[in-house]
Structure formats: structure tokens, C-alpha cells
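Throughout the sequence shown, residue numbering follows my numbering, covering 51 to 763 in sequence.
Here the structure comes first, spelled out in C-alpha cells, and everything after it is commentary.
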Amino acid sequence: EGVCGSVSLALAALLSEPLGHCRQLGDLELPAQEVDGDVIIGGLFPLHIAMSDPEFDFRAFRWMQTMVFAVEEINNDTHLLPGIRLGYRVLDSCDHVHTSLRGALSLVNSSQKQENAALSCLFRSPVSYFATCECLKNKQEFPSFLRTAPSDLFQVQGLVQLVSHFGWRWVGAIGTEDDYSRNGIQAFLEQLHDRGGCLAFYILLPKSASQEQIGHVVDELEASSARVIVAFSTEGQLYGLLNEVVRRNLTGRQWIASEAWVTASLLSGLQYHDVLSGTLGFAFRSASMPALGEFLHRLRPSSRPESVFINMFWEELFSCRLDFTGTTDLLTVAPERPACSGTEDLRGRNPVYSDVSQVRVSYNVYKAVYAIAHALHQLLQCNSMEQSPSNVSCKALLPLEPQQVTAYGEVSNQSGSTECTRCPSFHWSDRDRIFCVLMDEDFLAFHESLAIILVTLSVLGFAVTLTVTGIFYHFQSTPIVRANNSELSFLLLLSLSLCFLCVLLFVGRPTPWSCLVRQAAFGISFVLSISCILTKTVVVLVAFRSTLPGSDAARLFGPLQQRMVIFSCTSTQMVLCASCLSWDPPYPSKNTAYQAGKIILECEEGVTLYLVLSYIGVLSCVCFGLAFLGRKLPDTFNEAKFITFSMLIFFAVWISFIPAHHSSPGKYTVAVEIFAILASSFGLLFCIFMPKCYIILLRPEKNVKKGMVTNKN
């Protein structure tokens, strides 16, 4: 039967025993709504409230159909469980322990006994959509219990805060003889006592309370001076008690409801208005499921066995009798009811059933089915499932160690626990997932090989720049140095030295000071370099124009104008950097998203880097454009060609930098920026100064005035 044979996972409500018994007519086999599939998911729902005259619960019927809806939705999903068809088998628990147990046993029984025997160790995890008792978290007693409803621990905390908020110190508590009521009231009593409150009475109704016992309880409620009553129970278990309270018109009490009945439709009738008006409580988180609403409106009765509960629902909703219903119904339909066809319109008939704008328990059912489906989907990815599981033990089928099922960053020190504790911020689980330890910090440290290489290149670039400066200073009276405007050359060498040195600000542990300074230092030193090159380019063009007859270009762009261009360009960058640092200053941050178990220490740059690069890019484009225009000037002015080459290298480096910077993780982001700074600085240094140093040192015969003015034309 498919890959996994037949598996039954009960979505059991696990409610405690109610007041009476749900009548069973006909065959001993429990009626079920079922559809076959490769994997069968079973569900138990309290469709009837068990008492002398069982009532059909339209809300529980919506829960039941939500499970069917979720299964059909998963079967139509091509990504979840592809090639596997889910089936379902849902039963009525009658809100009764014995009936629930009988239904649960029938769910784990099927004809595929061999497959079930082999897989029972894997598929014995009931997923509850409604059981909230704190007692169920005990993994020694309930090792495989799972749920999509929150524990009562949180509800009790909220109820105690609610009571304390209104100043209610004298409170009574009522429940039934089951773990849900006992544990809930006990936890409520302890926390109420811690806040200075007192319990006026503590009443537990018997599991099958008679009318006489209910009367005694109401007598006690009537005699008590407490006007605030906390009821920890389910709607079915409170039904008889509240009917007696209504009959005696016991008003003037403030009822505090547990989540099990605070939104119950059974107790929302007009007859309860005087007694329960103003009831307070906490409900499950709601959700809107419009697709579920459309599904519910499409339901129609039929004579097929899988429609047995739909037929009951139809007859109860329209107070009619379907002629094709069989003898497996839980209720006997009165023969005097009018006949119905099964084509009646459901819209607007019963808002309890059809209103899906704020579903709560239905959403828990929906999540439970999807939790099972996703678990099966993950299980079917295991290679171990490729062999027949009938000859393999559970341990051999999935040889898992505890740490293999614990999420990274979570720990569990309780044997058999299915709940893990997330580690605090900047902590990580150890190898065995038992203790939380501090994450390793990662940044570009000075002792790392990559940092050593980059720092060495930075120091080397600075040393080469100082050497070139010394050469130019020593030969400053020679024609080649004088022809290249020695003042601009020395200022350019100074700015390149600063470019090489600013690399050191990027290495090491990020600090508030280094994050503030490094981008500003890089931006200002580079703009100073580009400004000098831009001025040199303009000087070249002006010098060529000045050789033309009648030109006074040299006078209009003299040393003063050159200094003003450099000052204005650099000052603009300073203003931009100061504005960015005051408006959106960079700061050191700890990033845990890049790599699991590591803290990446980095500077959150904000917009500073992009504004700095944008302004440098604008100046570089202007400089390149002017140099390109002067690339074919006579040999006397070969400076324009060298500037063009240096700008091409500059553009190649920084255009490549942008995608590399965004795609590099962690400390390599810093390394990419350092590499871009070094590469562009070396490009400017070698393209502009190395040809001149070559002539000065190796070809001194060309370093004469005559060699500077030769012209091809």
C-alpha cells in the first residue's frame, strides 16, 4: 500500500470524561467518515455532547471538516508529499473518555498488520488540537504526545493577571474531576496566592454528575460570598451545571472562562445571557480561512458511507430527515420531521459552522494535519525508507542520536523531550546540544593570513610611494619633474600615501571609532587623489591650448586656480562625510545571520559608503573624459595617456567591487574593499609615476628639455 503502508495518527482531543453517555445504535462498529489513501490520518472529534439527550455540536463538526479540507489541500499540493495520497478516518468521540479510547484503538488497527507492526515505533505520536493540560508535557509519562494548542501554563498566568487587574481578591473555582481541571485550578490557586488573592471555594464535579450532585454544587455557589467564579472545564461538562444555574436565575456572578468553553457556541444561547453576560477569558489565537469557508459551503449529503457525519449535520441543521440515511447514525431522527433533498443552501444557515473569519480550534486542527504531512515528507526523504521496513527494527530504520533532532541554537537536557530551549542571544548549543556556549567571534584580525597579506601590500605601497616622493624631490630641478607640475605631483603622492595607510583602519576588531573614521578617511584621501589627477589633466589640456597663437589659457588656469579646484573638490567630500556621520553614523554590529554558530563583527555602514563612492565616481568620470579628449596630444604631453590608463584601471576595480562586496560573506566583505583600495592606489601610482621614474633613473639622456618638446608633427 504505497511506500509506508497504512499508518494511523490520531488527532485526539484528549478531553476528560463528561456527564453522561452518547447512545450507540446498530452495529458495534463506530461510524466514521473516511477516504482511503497511501497514508491514513485518523481524527477524533467531540461531534456530540454525551448526555441523556445528545446534542450535535456544529463547531466540532467544523473542526472535523477542517481536517478533511487540510488533507484534500495537501493531496492537491504538488510540492508536499508528491506521489503520496493521504487518506483520513475521522470518528466521533462523543466527548467521552471510553468512546475516545475505543476510537483511538480502532484508528491504529488496520488490515496491513505487518506494515503497522514495523512502523508503529515511528507513528505513535498523537497530535492534539485542543489538549492544553500542563500535565501532558511530562515526557516520561507521555513521551510521544504533541499538540498545536498552547499549554495551560500561559493561560493560567493570563487569568491571574486578569483577576488581579480588576482587584478581585476573593475568587471561587470550579471544574471537573479530571487532570485538565485539577492542574489548571491548582496552578491558578498558587499564582493567585502569590498575588495576594484567596480562593473562596474549590469544587470539582464528578465525572458523571447526577442532577442531585449538580444541585448541591449550585447550592454552594449560591451560598458563597464570592462573586467571581473561575470555571476550568469544557462546554459539555459545564452544560448541565449552567442549565441549573440558569433555572435558578443565579445572576450577579462574574464568570472567568477557560479557553475550552470561552468561545463555545453551545453556551452562547439567549437563555444564558442573564447568567453569563460579561464572561471573560482567553481564547486561542484566531485566523481567517476563506478557502475553508468555500469548502464548507460545498458539502452535500449522500448515501455513501463516508458521508455519515455530513448526513447527521444536514438533518440537524435543517431539522429534516434524509431518506437515504442508514442505520449507522448515532442519533435516531424523529419520523415526523419533514423530508429534505440534500440540495438546500448552506449559506447563512448557521454562523457557528460557516463563519471562518476568526477560527481558532479549526486552525489548530489545520496546523496539526500539516505538521503530520511535513513530518511524513521529511521522513520519506530518508534513504532508509527505500528498503522494506517490515524486516527492519525501529533503531535500524532511523538511527538518530539526540543531537540530530535538536535544532541548531537550541538545547535540551531532558531525556526524551520533544521541546527544546532556544539559547540566549549570541549563544549557541554545544556539540551535544545540552549546554549553551558563547558563539565564536569572527572578524578580519591582524594575525590572520589574509590580513597579513593585505597589510603587507599596504605597507609596501606606502614604501613605494615614499621612494617615488624621494626620487621626485631629489630630481625636482630636472625637466621631466618640472614639466609635470611638481606641486601637483607631490600633493598626489601625499594623497596616495594616505590611501595606502587608510587600509589599516579596516583591519582588526571593529570599534565605534574605527567604524566612524575608516570610510571618511578612505573617501577624503581618494577624492584628494582624483582631484589632483583631474587638475593635472586640465593643466595638460590648458598647456596644449596655450601653445596656440593668441591663447591666454595658462593665465586663466594658473597655480591659484589649480589649488582652488583641489580644495573645492576635497571640501565637498568632507562635507558629505560629515553629514553622513552625523545623520546616519556607522556603528559596530554583531551579525549572526551569515554563518551558524558565529558572530560576524562588522561595521554597519549605512549610506556613507555609497555616497562616498558616488562622489568619487562622478569625479573619476569627469577626469577620464578630459584625459580621453587629450590622449592624442603631441608627445610633449603624454601625461593624458597615462591618466587615461590609470582611470581605466580605477573603473575596472571599482565596478568589480560592487557585486563582489555584496556577495562576500562576513569578514571577506572588508577584505574585498581593502583589495579595491590597494588595487586602485597601485594603478594610479604605477600608471602616472613609474614611466617618469624609469626615465629619471634608467634613461637620464631623455631627461632634458629637448626631449620634452619633441613633436611628431
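Beta carbons: idealized from backbone N, C-alpha and C, even for Gly.
Just so we're clear, the structure is a prediction, and the values are computed from it rather than from any experiment.
| Item | Value |
| --- | --- |
| Contacts around ALA501, its chain only, beta-carbon distance under 7 Å, and the 5 residues preceding and following it disregarded | LEU494, ALA495, VAL557 |
| Beta-carbon spacing of ALA281, GLY225 below 9 Å | yes |
| Beta-bridge partners of CYS653, as assigned by DSSP | PRO638 |
| Burial state of LEU239, where buried means 16 or more other Cβ atoms lie within 10 Å | buried |
| Counted within 10 angstroms of its Cβ, other Cβ atoms place MET697 as buried (16 or more) or exposed | buried |
| Of the residues HIS427, TRP478, PRO638, the one placed nearest HIS129, counting alpha carbons only | HIS427 |
| Residue environment, GLY208, which counts as buried when at least 16 other CB atoms sit within 10 Å | exposed |
| Length of the line joining the Cα atoms of HIS148 and THR642 | 51 Å |
| Ordered list of alpha helix (DSSP H) runs contained in the region 662-739, each at least 4 residues | 689-713 |
| Proximity below 9 Å, CB of VAL720 to CB of PHE707 | no |
| Coil, strand or helix - THR622 by DSSP | helix |
| Sheet register partners of TYR138 (DSSP bridge) | VAL85, ILE91 |
| Opening and closing residue of the beta strand (DSSP E) in which HIS477 lies | 477-479 |
| Which of helix, strand or coil DSSP assigns to ASN753 | coil |
| Alpha-carbon spacing of ILE727 relative to TRP704, whole angstroms | 9 Å |
| Rounded C-alpha distance that separates PHE550 from GLY733 | 12 Å |
| Close Cβ partners of CYS743 (< 7 Å) along its chain, the five nearest in sequence each way excluded | VAL518, ILE521 |
| Inter-residue Cα distance where the pair is ALA10 and LEU488 | The question about residue 10 has no answer here: the residues shown for the chain are numbered 51 through 763. |
| LEU541 versus LEU578 - alpha carbon distance | 8 Å |
| ASP324 to GLU366 span [Cα, whole Å] | 27 Å |
| Close Cβ partners of VAL206 (< 7 Å) along its chain, the five nearest in sequence each way excluded | GLY234, ALA237, PHE238, GLN241 |
| Test item: CB-CB of ILE99 and GLY286 under 9 Å | yes |
| Cβ-Cβ separation, SER412 to TRP9 (assumed contact under 8 Å), whole Å | With the chain represented from 51 up to 763, any question about residue 9 goes unanswered, as that position is not in the structure. |
| Nonlocal neighbours in the same chain, by C-beta distance under 7 Å from TYR322, ignoring five residues either side | LEU292, VAL296 |
| Local conformation of ASP490 per DSSP, three classes | strand |
| Assigned exposure category for LYS163 - 16 Cβ within 10 Å defines buried | Any answer about LYS163 is weak, because its pLDDT of 37 lies below 50 and its placement is not dependable; what the coordinates show is given next. Looking at its Cβ environment, which holds fewer than 16 other Cβ atoms inside 10 Å, LYS163 is exposed. |
| Alpha-carbon spacing of LEU747 relative to ALA628, whole angstroms | 43 Å |
| Burial state of HIS810 (16 or more Cβ within 10 Å) | The requested residue 810 does not occur in the structure, where the chain is confined to residues 51 to 763. |
| For GLU654 and LYS586, believed in contact at Cβ under 8 Å, the rounded distance | The Cβ separation is near 37 Å, so there is no contact. |
| Cα-Cα separation between ARG232 and PRO340, rounded to whole angstroms | 37 Å |
| Span separating the alpha-carbon of PHE725 from that of ALA710 | 11 Å |
| Residues that DSSP places opposite HIS98 in a beta bridge | PHE106 |
| Distance, VAL409 Cα to GLU84 Cα | 24 Å |
| Local conformation of ILE306 per DSSP, three classes | strand |
| Cβ-based neighbour list, ALA421, same chain, cut-off 8 Å, excluding 5 preceding and 5 following | VAL177, LEU196, THR198 |
| Segments assigned beta strand (DSSP E), at least 3 residues, entirely inside the region 519-544 | none |
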